[in-house]
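A.B. asks: Reminder that position 280 of the sequence shown reads as 279 in numbering that gives the first Met the number 0, one-by-one numbering, no gaps. Please find one structure pasted underneath; my questions will follow.
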Amino acid sequence: MSLIVHKYGGTSMGSIERIKNVARRIAKWQKAGYQVVVVPSAMSGETNRLLGLAREISDRADPRELDQIASTGEQVSVGLLAIALQAIGVKAKSYTGWQVPVTTNSAYTKARIESIDDARVRRDLAEGAVVVITGFQGIDAHQNITTLGRGGSDTSAVAVAAALKADECLIYTDVDGVYTTDPRIVPEAKRLEKVTFEEMLEMASLGSKVLQIRSVEFAGKYKVKTRVLSSLTDPEMPLAEEAASGTLITYEEDETMEQAVISGIAFNRDEAKITVAGVPDRPGIAYKILGPVAEANIDVDMIIQNVSHDGQTDFSFTVHRNELDKALDVLKSKVQGEIQAKAITGAKDICKVSVVGIGMRSHVGIASQMFETLAKEGINIQMISTSEIKISVVIDDKYMELAVRALHKAFGLES
Ligand code: ADP
Ligand code: ASP
Ligand code: MG
Numbered sequence: 000m001s002l003i004v005h006k007y008g009g010t011s012m013g014s015i016e017r018i019k020n021v022a023r024r025i026a027k028w029q030k031a032g033y034q035v036v037v038v039p040s041a042m043s044g045e046t047n048r049l050l051g052l053a054r055e056i057s058d059r060a061d062p063r064e065l066d067q068i069a070s071t072g073e074q075v076s077v078g079l080l081a082i083a084l085q086a087i088g089v090k091a092k093s094y095t096g097w098q099v100p101v102t103t104n105s106a107y108t109k110a111r112i113e114s115i116d117d118a119r120v121r122r123d124l125a126e127g128a129v130v131v132i133t134g135f136q137g138i139d140a141h142q143n144i145t146t147l148g149r150g151g152s153d154t155s156a157v158a159v160a161a162a163l164k165a166d167e168c169l170i171y172t173d174v175d176g177v178y179t180t181d182p183r184i185v186p187e188a189k190r191l192e193k194v195t196f197e198e199m200l201e202m203a204s205l206g207s208k209v210l211q212i213r214s215v216e217f218a219g220k221y222k223v224k225t226r227v228l229s230s231l232t233d234p235e236m237p238l239a240e241e242a243a244s245g246t247l248i249t250y251e252e253d254e255t256m257e258q259a260v261i262s263g264i265a266f267n268r269d270e271a272k273i274t275v276a277g278v279p280d281r282p283g284i285a286y287k288i289l290g291p292v293a294e295a296n297i298d299v300d301m302i303i304q305n306v307s308h309d310g311q312t313d314f315s316f317t318v319h320r321n322e323l324d325k326a327l328d329v330l331k332s333k334v335q336g337e338i339q340a341k342a343i344t345g346a347k348d349i350c351k352v353s354v355v356g357i358g359m360r361s362h363v364g365i366a367s368q369m370f371e372t373l374a375k376e377g378i379n380i381q382m383i384s385t386s387e388i389k390i391s392v393v394i395d396d397k398y399m400e401l402a403v404r405a406l407h408k409a410f411g412l413e414s
């Protein structure tokens with residue numbers, strides 16, 4: 000018997016009416032002979048609401064307690080969905096992460112899944128039940144509830160699919176697939192029939208929030224057949240049509256795939272730029288600046304060191320916006336005096352825009368086409384980084400939408 004995992008995001012679970020539709024869709028799959036495990040998110044807005052309550056008390060709340068609170072959104076969702084299934088005659092049972100259990104490390108608010116015990120789930124499936132498991136959460140070795148980072152239900156679903164060796168993981172969301180860029184920013188964006196795992200990994204890591212990056216990593220590691228599709232279609236639509244809709248993540252470069260040079264444009268507003276100005280241009284300076292930042296467990300993304308004048312240079316890098324204050328504290332207390340930097344400043348008015356495509360490997364001139372397009376729009380590039388299949392630039396935040404639209408057009412991605 001085929002086993003399938005369905006994941007429903009916040010919008011898909013956003014109201015009682017929508018939850019009833021999700022139940023009807025699941026019932027259709029079960030009737031067609033599938034064993035179904037469902038991983039829903041909290042109802043849309045709920046995780047923000049819960050974390051907002053905590054923030055009303057303190058903006059430096061204990062991350063353990065934040066997870067304790069944030070995880071409850073999904074607990075409500077699984078219960079409601081199980082009731083909606085039972086109400087239409089489908090046997091269903093819901094579990095939280097700790098009941099399964101989904102075991103994670105102890106990194107509160109960004110925990111990583113370590114293992115999933117499938118015994119209970121398999122027993123229920125064998126008894127003909129649909130099993131509904133909370134997304135976004137797990138439990139650490141000391142019985143503390145953890146969460147997997149925002150958007151983490153995607154990762155829960157793919158990890159559950161990997162643990163159960165499911166035939167496919169279907170990520171139902173409020174768009175009907177992965178697009179060349181966020182269709183909310185560029186309405187002309189085109190849906191991709193298929194996207195290679197490597198491209199999806201880059202797009203997710205560069206800001207396309209349609210899938211959480213860890214879910215893509217899991218999918219790649221365990222070769223989980225994963226598809227992104229709409230939850231907003233008629234739940235009674237023919238199953239074969241639904242099963243072939245959306246965007247499939249592929250693991251081999253298939254000859255028949257149209258080999259677009261660029262398959263997508265991603266953008267990210269979550270970073271901030273730090274500049275350490277007037278530092279001596281000599282060996283060891285990058286280490287002296289970034290060593291303490293790394294020790295404080297702060298991830299650094301793009302880095303640039305400017306040319307030196309009179310033996311001095313400026314050194315800039317980006318970090319997640321949430322960690323800007325922490326990074327500035329570290330630099331001011333541990334670095335500034337030590338290296339005699341003239342000034343240390345942080346800026347949040349930046350964004351990162353990236354073009355992604357495996358076709359870049361066999362094409363030259365993509366970078367210059369990107370830079371020319373931005374130049375024509377009068378957009379200044381502050382930082383650049385490249386890999387084999389992507390080029391990213393940091394620009395002024397206020398030009399983000401303009402840059403994404405211009406690049407989308409310049410690379411011929413419009414439908
Ligand atoms: P869910 O609640 O189902 O997890 P998300 O809001 O996390 O949904 O992700 C879906 C959203 O991702 C879409 O509504 C869309 O605005 C956004 N998105 C960003 N980049 C892309 C892209 N390249 N293709 C499709 N959607 C994208
Ligand atoms: N509810 C969580 C969030 O809002 C997880 C998810 O939706 O995937 O981030
Ligand atoms: Mg999501």
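Backbone N, C-alpha and C define an ideal beta-carbon position, used for all residues, glycine too.
#1: Under 8 Å: do the stretch 141 to 150 and the stretch 103 to 116 share three or more Cβ pairs, one atom per stretch?
#2: Would a C-beta distance cut-off of 8 Å place Ser-391 and Leu-191 closer than the cut-off?
#3: Kindly provide the ranges of any beta strand (DSSP E) runs that are 3 or more residues long and lie completely inside the stretch 117 to 147, ordered along the chain.
#4: Is it the case that the Cβ atoms of Val-129 and Val-227 are separated by a distance below 8 Å?
#5: Do you know how far the Cα of Val-352 is from the Cα of Asp-396?
#6: Using only the heavy atoms of the ligand MG, determine whether one of them is closer than 7 Å to the beta carbon of Asp-153.
#7: For Ile-15, write down the residues that DSSP places opposite it in a beta bridge.
#8: Can you tell which of Gln-381, Lys-375 and Lys-389 has the C-alpha that lies nearest to the C-alpha of Leu-401?
#9: Mind checking whether the beta-carbon of Pro-186 lies closer than 7 Å to any heavy atom of the ligand ADP?
#10: Taking the straight line between their C-alpha atoms, what separation do you get for Val-135 and Leu-210?
#11: Tell me whether Phe-135, by its Cβ, gets closer than 7 Å to a heavy atom of the ligand ASP.
#12: Determine, using beta carbons only, whether Ala-69 and Leu-49 come nearer to each other than 8 Å.
#13: Taking the alpha carbon of Glu-387 as the point to measure from, which residue in Pro-237, Gly-364 and Trp-28 has its own alpha carbon closest?
#14: Pick out whichever of Ile-264, Gly-13 and Ala-91 has its Cα sitting closest to the Cα of Ala-81.
#15: Within 8 Å of any Cβ in chain C, is that where the Cβ of Glu-241 sits?
#16: Return the residue from the list Ala-340, Leu-289, Arg-268 and Gln-311 that minimises the CA-CA distance to Asp-280.
#17: Considering only residues of the stretch 164 to 199, which uninterrupted beta strand (DSSP E) runs meet the minimum length of 3 residues and lie entirely inside it, listed in chain order?
C.D. replies: For this structure:
#1: yes
#2: In the sequence shown, residue 391 corresponds to position 392, counting from 1. In the sequence shown, residue 191 corresponds to position 192, counting from 1. The answer is no: Cβ separation not under 8 Å.
#3: 129 to 132, 136 to 138 and 144 to 146
#4: As a working note, residue 129 is residue 130 in the sequence shown. As a working note, residue 227 is residue 228 in the sequence shown. Cβ atoms of Val-129 and Val-227: not closer than 8 Å.
#5: Counting from 1 along the sequence shown, the entry for residue 396 is found at position 397. Counting from 1 along the sequence shown, the entry for residue 352 is found at position 353. The straight-line gap separating the alpha-carbon atoms of Asp-396 and Val-352 is approximately 10 Å.
#6: Indexing the sequence shown from 1 puts residue 153 at position 154. Under cutoff, so the answer is yes.
#7: Here residue 15 corresponds to residue number 16 of the sequence shown, with the count starting at 1. None; Ile-15 has no bridge partner.
#8: One-based indexing of the sequence shown puts residue 401 at position 402. Looking at the Cα atoms, Lys-375 is the closest of the given residues.
#9: Walking along the sequence shown from the start, residue 186 turns up at place 187. False, no ligand heavy atom lies under 7 Å from that Cβ.
#10: Mapped onto the sequence shown, residue 135 falls at position 136. Mapped onto the sequence shown, residue 210 falls at position 211. Reading off the sequence, residue 135 comes out as Phe, not Val. The alpha-carbon atoms of Phe-135 and Leu-210 are separated by roughly 13 Å.
#11: Along the sequence shown, one-based indexing puts residue 135 at 136. Correct: Phe-135 has its Cβ closer than 7 Å to the ligand ASP.
#12: Counted from its first residue, the sequence shown places residue 69 at position 70. Counted from its first residue, the sequence shown places residue 49 at position 50. Contact flag set, yes.
#13: Here residue 387 refers to the residue found at position 388 when the sequence shown is read from its first residue. Residue Gly-364 is the option with its Cα nearest to Glu-387.
#14: Position 82 of the sequence shown, counted from the first residue, corresponds to residue 81. Closest by alpha carbon: Ala-91.
#15: Protein chains in the displayed structure number just one, and chain C is not present.
#16: Within the sequence shown, the letter at position 281 stands for residue 280. Among Ala-340, Leu-289, Arg-268 and Gln-311, the Cα nearest to that of Asp-280 is on Gln-311.
#17: 167 to 172 and 193 to 195
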